[in-house]
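> Sharing a structure here in structure tokens format.
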Amino acid sequence: MTSLKPVRGTHDLLGEDAWRHRHVVEAFRDFAGRYGFSELATPIFEFTEVFQRTLGETSDVVQKEMYTFEDRGGERVTLRPEFTAGIARAFISGGMAQNVPCKFFSHGPVFRYERPQKGRLRQFHQINLEVLGVPENQADVEVIALASDLLADLGIGDKTTLELNTLGDSESRGAYRKVLVDYFSAHKGDLSDDSKARLERNPLRILDSKDAGDRDLIERAPRMADYLNSVSADFFAGVREGLDRIGITYAVNDRLVRGLDYYTHTAFEFTTTFLGAQGAVIAGGRYDGLIEQMGGKSTPGIGWAGGIERLGMLLEDIPPPPRPLVVVPIGDGAQMLALSLTQELRSAGFRVDMGYRGNVGKRMKRADRIGARAALLLGEDEIGQGVVKIRDLDSGDEITVPLTDVANRLNMYR
RNA sequence: GCGGGUGUAGCUCAGUCGGUUAGAGCGCUAGAUUGUGGAUCUAGAGGCCGUGGGUUCAAUCCCCAUCACUCGCCCCA
1 MTSLKPVRGT
11 HDLLGEDAWR
21 HRHVVEAFRD
31 FAGRYGFSEL
41 ATPIFEFTEV
51 FQRTLGETSD
61 VVQKEMYTFE
71 DRGGERVTLR
81 PEFTAGIARA
91 FISGGMAQNV
101 PCKFFSHGPV
111 FRYERPQKGR
121 LRQFHQINLE
131 VLGVPENQAD
141 VEVIALASDL
151 LADLGIGDKT
161 TLELNTLGDS
171 ESRGAYRKVL
181 VDYFSAHKGD
191 LSDDSKARLE
201 RNPLRILDSK
211 DAGDRDLIER
221 APRMADYLNS
231 VSADFFAGVR
241 EGLDRIGITY
251 AVNDRLVRGL
261 DYYTHTAFEF
271 TTTFLGAQGA
281 VIAGGRYDGL
291 IEQMGGKSTP
301 GIGWAGGIER
311 LGMLLEDIPP
321 PPRPLVVVPI
331 GDGAQMLALS
341 LTQELRSAGF
351 RVDMGYRGNV
361 GKRMKRADRI
371 GARAALLLGE
381 DEIGQGVVKI
391 RDLDSGDEIT
401 VPLTDVANRL
411 NMYR
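Sequential numbering from 1 applies to the first sequence in our numbering.
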């Protein structure tokens with residue numbers, strides 16, 4: 001144990017941040033439910049090969065960002081760097097191909113060994129959505145619509161824009177890739193060092209290089225749209241038609257690519273300019289080859305992931321946390337009755353806190369500090385008369401009500 | 001992994017052209033107010049000036065390293 005600080009790139013989640021986090025997750029659960037998704041919670045670690053094979057051996061995530069270790073039994077395991085691979089594994093090992101289509105939502109921590117920055121952590125949290133077994137592009141429209149609804153509900157729809165592209169099916173993508181490699185190879189001398197390396201590993205990635213020198217070359221590069229076979233072109237047209245139909249605005253960005261190898265056809269990102277260099281808040285696409293590649297029965301898939309911390313940072317007017325009631329016993333003789341009153345109200349569904357110590361002044365001060373909505377004062381006088389005083393902490397108004405009627409009189413504070 | 005910036009009280013930040021007792025505001029604790037919070041006043045607690053090394057009679061301040069945060073590259077949620 002070298003220190004008592006959290007490990008680099010990890011954070012304790014509490015207070016305001018925890019509330020934002022929870023708000024994002026709850027909104028997500030709500031919309032996932034409305035769209036007919038059910039929850040799937042997979043383990044946060046898997047055998048290393050689950051990620052290695054699916055994300056692509058050459059992707060940065062696999063090459064240098066995974067938390068991989070050998071457990072006590074000698075198994076190579078990895079903390080999940082994303083959700084899709086684990087869900088695909090669960091789909092196969094659970095024999096779910098029998099029950100397609102499957103619509104799953106998930107959320108929780110993911111792990112990548114990266115250099116921390118604003119909006120970039122080593123342990124961060126994602127919300128995740130997957131549709132398995134639906135080849136129709138209706139599913140593409142559906143998952144994008146859900147994301148759009150969620151962002152609107154969170155009040156950040158106008159801070160984000162939807163960018164859309166197609167990578168084509170494997171035939172189209174292969175053909176385009178070849179043309180692209182030829183093109184960039186011919187101009188290799190003008191390429192940045194980063195992009196030269198990408199030429200070998202993942203030539204599509206050159207398209208979203210930020211290097212000023214590359215931009216010019218990219219501007220003149222062949223376009224994906226010109227190399228789509230008719231199936232791929234029709235598929236993409238259908239996605240756009242669907243989005244148009246339900247009023248979702250987007251910008252086609254034919255330089256939008258994906259970092260992970262399993263994507264085909266539709267690729268999309270909801271991006272923002274409010275978070276500095278980390279612009280993507282929700283990103284995803286279609287991965288029709290993934291399940292088969294992992295050894296399952298050929299099953300198309302589409303999904304997305306969203307960064308909870310990034311979304312949380314964009315929230316402005318989050319509803320405030322609910323305010324509790326506070327029971328204030330006055331004098332030792334009131335303790336027991338206050339205790340039973342507190343429990344009774346909790347049973348009735350109220351949020352109730354009762355301080356542990358202190359005189360009335362201290363307890364009232366504490367009630368104020370935790371943002372209590374009202375204080376219930378219970379002392380000798382009240383007990384003698386079988387009543388309790390309810391003090392509204394916003395207005396300062398105080399009313400006296402019979403103990404038997406307290407719950408009813410408190411309904412206005414629910 | 002690469003480059004730039006920053007690290008002083010719980011928080012936001014002053015400060016010392018290197019000099020012996022390091023400050024403010026907010027917050028916290030207690031009291032004024034032993035059956036009533038938010039305001040005010042008073043008092044108090046709380047800092048190895050991120051960590052390790054170097055230079056110096058002397059370092060919180062200068063130098064080096066390291067760690068953390070931060071901005072950009074990279075990568076991506």
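Yeah, the Cβ is synthetic: ideal placement off N, Cα and C, and Gly gets one too.
None of these values were measured; they are calculated from a predicted model.
1. For a quick check, are the C-beta atoms of G73 and V50 less than 8 Å apart?
2. Does T400 come out as helix, strand or coil in the three-state DSSP assignment?
3. For I156, which three-state DSSP category applies?
4. Ordered along the chain, which non-local residues of its own chain (more than five positions away) have a Cβ less than 7 Å from that of K103?
5. If we ignore side chains and look at the alpha-carbon of each, how far apart do F235 and H11 end up?
6. From the DSSP output, which residues share a beta bridge with T266?
7. Less than 8 Å between the beta carbons of A32 and L180, yes or no?
8. Put V415 into one of helix, strand or coil per three-state DSSP.
9. In terms of residue numbering, what span does the alpha helix (DSSP H) encompassing T54 cover?
10. Let me make sure I understand the geometry here. Which of I248, S230, R373 has the alpha-carbon closest to that of E398?
11. Between Y227, R29, M364, G295, which has its C-alpha nearest F105's C-alpha?
12. Verify whether the separation of the beta carbon atoms of R173 and P203 is less than 8 Å.
13. Take the Cβ of A90 as the centre, count every other Cβ of all protein chains shown within 10 Å, and call the residue buried at 16 or more, exposed below.
14. Considering only C-alpha positions, which residue in the set G333, R369, G307 is nearest to L121?
15. Measuring only the C-alpha atoms, how far is I144 from I248?
16. Give the DSSP-derived three-state secondary structure of K389 in the structure shown.
17. For V360 versus V388, is the C-beta distance shorter than 8 Å?
18. Report the option in I44, I92, K196, A139 whose CA atom is closest to the CA atom of Q293.
19. Three-state secondary structure (DSSP) at N128?
20. Threshold first: 4 residues or longer. Then list the alpha helix (DSSP H) segments lying entirely within the stretch 169 to 243, N to C.
21. Kindly confirm or deny that the stretch 108 to 118 and the stretch 212 to 230 touch, where touching means at least three C-beta pairs closer than 8 Å.
22. Would you decide whether E136 is buried or exposed? Buried here means 16 or more other CB atoms lie within 10 Å of its CB.
23. Taking the straight line between their C-alpha atoms, what separation do you get for A27 and P319?
24. Mind checking which residues open and close the alpha helix (DSSP H) that includes M412?
25. Does D12 come out as helix, strand or coil in the three-state DSSP assignment?
26. Hey, could you find the ends of the alpha helix (DSSP H) T84 is sitting in?
27. L311 and V24: beta carbons closer than 8 Å?
28. What do you reckon, are the CB atoms on A267 and R255 nearer than 8 Å?
29. From V406, R205, R22, pick the residue whose C-alpha is nearest to that of G349; which is it?
30. For the alpha helix (DSSP H) containing A367, list its first residue and its last residue.
31. Please state if the CB of L167 and the CB of Y430 are separated by a distance shorter than 8 Å.
32. Leaving out five residues on either side along the sequence, give the residues of the same chain with a beta carbon under 6 Å from the beta carbon of H107.
33. Go through its chain and collect everything with a Cβ distance to T2's Cβ below 7 Å, but skip five positions before and after it.
34. I need the boundaries of the alpha helix (DSSP H) containing L337, first residue and last residue.
35. Under DSSP, the alpha helix (DSSP H) around I308 begins and ends at which residues?
36. Which residue comes first and which comes last in the beta strand (DSSP E) that contains I282?
Once the coordinates are examined:
1. Start at 1 with the first residue of the first sequence, and residue 73 comes out as number 73. Start at 1 with the first residue of the first sequence, and residue 50 comes out as number 50. In this structure, V50 does not lie closer than 8 Å to G73 by Cβ.
2. Residue numbering aside, residue 400 sits at position 400 when the first sequence is read from its first letter. In this structure, T400 counts as strand in the three-state DSSP scheme.
3. Sequence index remark: in the first sequence, residue 156 carries index 156 (1-based). In this structure, I156 counts as coil in the three-state DSSP scheme.
4. Start at 1 with the first residue of the first sequence, and residue 103 comes out as number 103. Contacts found: G36, F37, S38, V131.
5. Sequence index remark: in the first sequence, residue 235 carries index 235 (1-based). Sequence index remark: in the first sequence, residue 11 carries index 11 (1-based). So the two alpha carbons sit approximately 42 Å from each other.
6. Working through the first sequence from its first residue, we reach residue 266 at position 266. Bridge partners of T266: T166.
7. Locating residue 32 in the first sequence gives position 32, where the first residue counts as 1. Locating residue 180 in the first sequence gives position 180, where the first residue counts as 1. No. Outside cutoff.
8. An answer regarding residue 415 cannot be provided, because it is not within the stretch 1 to 414 covered by the chain.
9. By 1-based counting over the first sequence, the position of residue 54 is 54. It spans 48 to 55 - the alpha helix (DSSP H) in which T54 sits, taken as one unbroken run.
10. Position 398 of the first sequence, counted from the start, is the residue given in the question as residue 398. Looking at the Cα atoms, R373 is the closest of the given residues.
11. Here residue 105 corresponds to residue number 105 of the first sequence, with the count starting at 1. Selected option, being the one with the closest Cα: R29.
12. Indexing the first sequence from 1 puts residue 173 at position 173. Indexing the first sequence from 1 puts residue 203 at position 203. In this structure, P203 does not lie closer than 8 Å to R173 by Cβ.
13. Residue numbering aside, residue 90 sits at position 90 when the first sequence is read from its first letter. Flag for A90 reads buried.
14. Numbered from its first residue, the first sequence carries residue 121 at position 121. Closest option to L121, Cα to Cα, is G307.
15. Counting from one through the first sequence, the residue named residue 144 turns up at place 144. Counting from one through the first sequence, the residue named residue 248 turns up at place 248. Straight-line Cα distance between these residues: approximately 9 Å.
16. If you number the first sequence from 1, residue 389 lands on position 389. In the structure shown, K389 sits in a strand (DSSP, three-state: E or B).
17. Position 360 of the first sequence, counting from 1, holds the residue named residue 360. Position 388 of the first sequence, counting from 1, holds the residue named residue 388. Not a contact, by the Cβ cut-off of 8 Å.
18. Along the first sequence, read from residue 1 onward, the residue named residue 293 stands at position 293. Checked all of I44, I92, K196, A139; the closest Cα to Q293 is I92.
19. Reading the first sequence from its first residue, position 128 is the one you call residue 128. Strand at N128.
20. 170 to 186, 193 to 201, 212 to 219
21. no
22. Here residue 136 refers to the residue found at position 136 of the first sequence. Flag for E136 reads exposed.
23. Translated into the one-based positions of the first sequence, residue 27 becomes position 27. Translated into the one-based positions of the first sequence, residue 319 becomes position 319. Their backbone Cα atoms lie some 12 Å apart in a straight line.
24. To locate residue 412, count along the first sequence from 1; it is residue 412. Where M412 is concerned, there is no enclosing alpha helix (DSSP H), given that its DSSP letter is neither H nor E.
25. Walking along the first sequence from the start, residue 12 turns up at place 12. Coil.
26. Translated into the one-based positions of the first sequence, residue 84 becomes position 84. Unbroken alpha helix (DSSP H) run through T84: 84 to 93.
27. Taking the first residue of the first sequence as position 1, residue 311 is located at position 311. Taking the first residue of the first sequence as position 1, residue 24 is located at position 24. Their beta carbons are under 8 Å apart, which means L311 touches V24 by this criterion.
28. As a working mapping, residue 267 is identified with position 267 in the first sequence. As a working mapping, residue 255 is identified with position 255 in the first sequence. Cβ atoms of A267 and R255: not closer than 8 Å.
29. Looking up residue 349 in the first sequence gives position 349. Residue V406 is the option with its Cα nearest to G349.
30. Against the first sequence, residue 367 aligns to sequence position 367. Where A367 is concerned, the enclosing alpha helix (DSSP H) stretches over 360 to 369.
31. Only positions 1 to 414 of the chain appear in the structure, and residue 430 is not among them; the question remains open.
32. As a working note, residue 107 is residue 107 in the first sequence. Answer for H107: V25, I127, listed in chain order.
33. Here the question's residue 2 lines up with position 2 in the first sequence. With a pLDDT of 43 at T2, under the threshold of 50, the predicted position of this residue should be treated as unreliable, though the coordinate-derived value follows. Here the set comprises nothing.
34. Translated into positions along the first sequence, residue 337 becomes position 337. Taken as a continuous stretch (DSSP letters only), the alpha helix (DSSP H) holding L337 covers 335 to 347.
35. Stepping through the first sequence from its first residue, residue 308 is reached at position 308. Unbroken alpha helix (DSSP H) run through I308: 308 to 314.
36. Your numbering for residue 282 matches position 282 in the first sequence. Per DSSP, I282 belongs to the beta strand (DSSP E) from 280 to 286.
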